[in-house]
Amino acid sequence: MTLAEKILASHTDKKKVSPGEFVTVRVDLILANDVTAPIAIKEFQRIGVDKVFDPKKVVMVPDHFVPNKDIASAEQAKLMRDFCYEQGIIYFEVGQMGIEHVLLPEQGLVLPGDVVIGADSHTCTYGALGTFATGMGSTDIAAAMATGDVWMKVPPTIKLVYHGGLGKWVGGKDLILYTIGDIGVDGALYSVMEFTGEAIDSLSIDGRFTIANMAIEAGAKAGIFRVDNKTQLYIKSRAKRPYRVYEPDSDAEYAQIIDYDVSNIEPQVALPHSPANTKPVSQVGDIEINQTVIGSCTNGRLEDLRLAARILKRRKVHPRVRCIIIPGSQQVYLDALTEGLIEIFIKAGAVVSTPTCGPCLGGHMGVLADGERCISTTNRNFVGRMGSLESEVYLSNPTVAAASAIAGRIVSPEEVVT
Amino acid sequence: MLLKGKVHKYGADVNTDAIIPARYLNVSEPAELAKHCMEGIDKDFVSTVKPGDIIMAITNFGCGSSREHAPLAIKAAGVSCIIAKTFARIFFRNAINIGLPLLECDEAVDKTKAGDILEIELASGKIKNLTGGMVFTAKPYPDFMAELIAAGGLIEYTKSRLVSRRI
Ligand code: SF4
């Protein structure tokens, strides 16, 4: 069995599962946010049970429209908060919260070998820790909150092997953009992407989160990594309960094996309006920008802010660019503050926001007008994703985004850091 | 059940931000969401859609976010069913869970034009193109999904599961 199949099998009453099979899977954690929880709660109430199956295995995070941007979003957040208090569900209030997919691993709530489902498509982020984690809709979450399990069709696994060492300014974001550019937005539809190879081993856990986060952008059900020493080190101080590390069998069957030699790839940029519309940064052409966003569940972690700070230190954001930096959690914010990164950002002329999804989904804190362009470290550049239907979003890693903020147009960090 | 309506046809990879832009997700009332249905891809959709109409797309329909607001908006706009060659997996689950029928049929997608009138018999998956005088058959649902649909969606299915657990 593959890594994903092993984890799934261990959460069923079966010894072995195979792709295509329908199984009922026990879940270790269920997640919802201020956008998806209200529907999940209403559906849960229709089932006719009073209590969730285990309040310690359900977590709700207000992150999309908080601190609340308007009355409607305040009502949604309130509905969720009241439900959490009533049920005793794990909940993070503004001041403790972060973007859910930055927060949950950081808090040790998701661990290797777990099955995690979330009413958010980027739940797949936790695969970086050797977790089987997948996004679903609100009704699926409602049913799982009542029963503690969920139906799944066992997905086939695609193994992706990344050979070679990574060039300067190239990181997890570039590997995943490069991959989606190659296989397309449905290149891994219904499948698990298992990320391996020496380039993957060389990445930090933060870099792996970025890759796992965007597995959904290739249509995948989950992205997954094997647990190594770096994972163990990350988990050790955080885990508050036992967990189990699974390894794929040596004779595991993969639907496909894709090999990449990444030693010569440049930082990648995804042009509007698809994450698969990628080009090496040197081939993007002369694209002026109005805004830069550095943050989100894709690239809002400490390593991302450190990289951005390396570029922005003692430099100035272009006078016509709004550079918005959003630490992914309160902990990331605090660490960035202690390390002096926040000061670097403010001196450079960037604005630093409290953790929120905000502009990533065109919610608040940096919505685009007609004809405006933004380079962003987020994960989606669909039409209208960050505001006006006539605006454009380009996706990149934090160094390209920071360098572009300085240049006022999309450039490689090399052009700024001389 | 017999469904009948006009086809609104779109391309590949229609994402959930196109179906219902994220800025409208500060509410979850289906009728409110329906006012902005397909806004990211077809500004005229809301003013032209009639009860019973059918959305048709090529592949990977509903990719992107997990928002159930997307199938809810489509259903509340009056759409009776969606036909495509493939669907994004979260969208597929969501639609089945809330009782919005989806059909996968390559041939129907290849041979049907925008504006054609279709008549669909859900139980058998028969798709009649009344405008072009053609008949297609959709892929049958796997047994488990058929069971879920027959139960009346996931909430009803879960209710009966919990009852049988208690006995
Ligand atoms: S940061 Fe963006 S992609 Fe991530 S959870 Fe928030 S809205 Fe979704």
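The listed protein sequences derive, respectively, from chains A and B.
To convert, note that position 157 of the first sequence is 157 in our numbering; the numbers rise steadily by one, no gaps.
To convert, note that position 36 of the second sequence is 1036 in our numbering; the numbers rise steadily by one, no gaps.
Idealized CB from N, CA, C, for every residue including glycine.
Bear in mind the structure is a predicted one, so any value in this text is a computation, not a measurement.
Cβ-heavy atom distance, residue i to the ligand SF4, below 6 Å
i       : result
A/I99   : yes
B/H1069 : no
B/S1047 : no
A/S353  : no
A/S10   : no
A/L177  : no
A/S296  : yes
B/C1037 : no
A/C357  : yes
A/L361  : yes
A/H163  : no
A/H122  : yes
Identity of the residue in the options nearest residue i by Cα
i       : options                           : result
B/R1067 : A/S121, A/V416, A/Y190 and A/A144 : A/S121
A/T231  : A/T356, A/L111 and A/K15          : A/L111
A/D114  : A/P272, A/P319, A/L8 and A/D140   : A/L8
A/P319  : A/K56, A/T292, A/Y162 and A/K221  : A/T292
A/V269  : A/V317, A/E392, A/N229 and A/G197 : A/E392
A/S376  : A/E339, A/V321 and A/T354         : A/V321
A/Q330  : A/F92, A/V317, A/V35 and A/K221   : A/F92
A/V281  : A/G95, A/E106 and A/T399          : A/T399
A/E458  : A/D182, A/P156, A/E106 and A/P413 : Here chain A comprises residues numbered 1 to 418, so residue 458 of chain A is not present and cannot be evaluated.
A/A146  : A/R301, A/P413, A/L334 and A/A40  : A/A40
A/G98   : A/G328, A/P413 and A/N381         : A/G328
A/R208  : A/A403, A/F225 and A/E198         : A/F225
Other residues of its chain near residue i: CB distance less than 7 Å, five sequence neighbours each side excluded
i       : result
B/G1115 : K1006 and V1007
B/A1034 : A1073, A1076 and A1077
A/R409  : D286, I287, E288 and I289
B/F1061 : V1014, I1082, A1084, F1087, A1088 and F1091
B/A1146 : none
A/S191  : P155, P156, T157, I158, A220, K221 and A255
For residue j and residue i, the rounded distance between their alpha carbons
i       : j       : result
A/L337  : A/S296  : 18 Å
A/V420  : B/E1029 : Residue 420 of chain A lies beyond the stretch modelled for chain A, which goes from 1 to 418, so this question has no answer here.
A/D259  : A/Y162  : 6 Å
B/A1070 : A/T418  : 47 Å
A/N33   : B/V1135 : 44 Å
B/I1041 : B/E1121 : 28 Å
A/V416  : A/A239  : 41 Å
A/A309  : A/I344  : 6 Å
A/G384  : A/D251  : 45 Å
A/E106  : B/L1100 : 37 Å
B/R1023 : B/E1032 : 13 Å
A/D28   : A/V170  : 34 Å
A/D54   : A/G148  : 8 Å
A/V102  : A/N379  : 14 Å
B/G1064 : A/K57   : 26 Å
A/D182  : A/D261  : 13 Å
Cβ-based neighbour list, residue i, same chain, cut-off 6 Å, excluding 5 preceding and 5 following
i       : result
A/Q256  : I158
B/A1151 : Y1157
A/N68   : A74 and A77
A/A215  : C124, M193 and G223
A/V351  : I324
A/G108  : R238, A239 and K240
Residues near residue i in its chain [Cβ-Cβ closer than 8 Å; skip 5 each side]
i      : result
A/D140 : I117, A119 and V150
A/N264 : G164 and G167
A/K6   : Y246, E247, P248 and D249
Counting only Cβ-Cβ distances shorter than 8 Å, please list the residues of the stretch 372-385 of chain A near chain B, keeping chain order.
R380, F382, V383, G384 and R385
Residues in the stretch 129-158 of chain A with C-beta within 8 Å of chain B's C-beta atoms, listed in sequence order?
G135, M136, G137, S138, T139, D140, A142, A143, A146, T147, W151 and K153
Taking only beta carbons into account, state which residues of the stretch 1125-1152 of chain B come closer than 9 Å to chain A, listed in chain order.
P1142, D1143, F1144, M1145 and L1148
Under 7 Å, CB to CB, which of the residues in the stretch 170-195 of chain A have a partner in chain B?
Cβ contacts with chain B: V185, D186, L189 and Y190.
Short-range partners of chain B found in the stretch 25-46 of chain A, where Cβ spacing is below 7 Å
Listed in sequence order: V35, T36, P38, I39, E43 and R46.
Taking Cβ-Cβ distances below 8 Å as the criterion, which residues of the stretch 47-64 of chain A are in contact with chain B?
I47, G48, V49 and H64
Taking beta-carbon pairs under 7 Å, can you tell me which members of the stretch 1005-1035 of chain B lie near chain A?
D1013, N1015, D1017, A1018, P1021, A1022, R1023, L1025, N1026, V1027 and S1028
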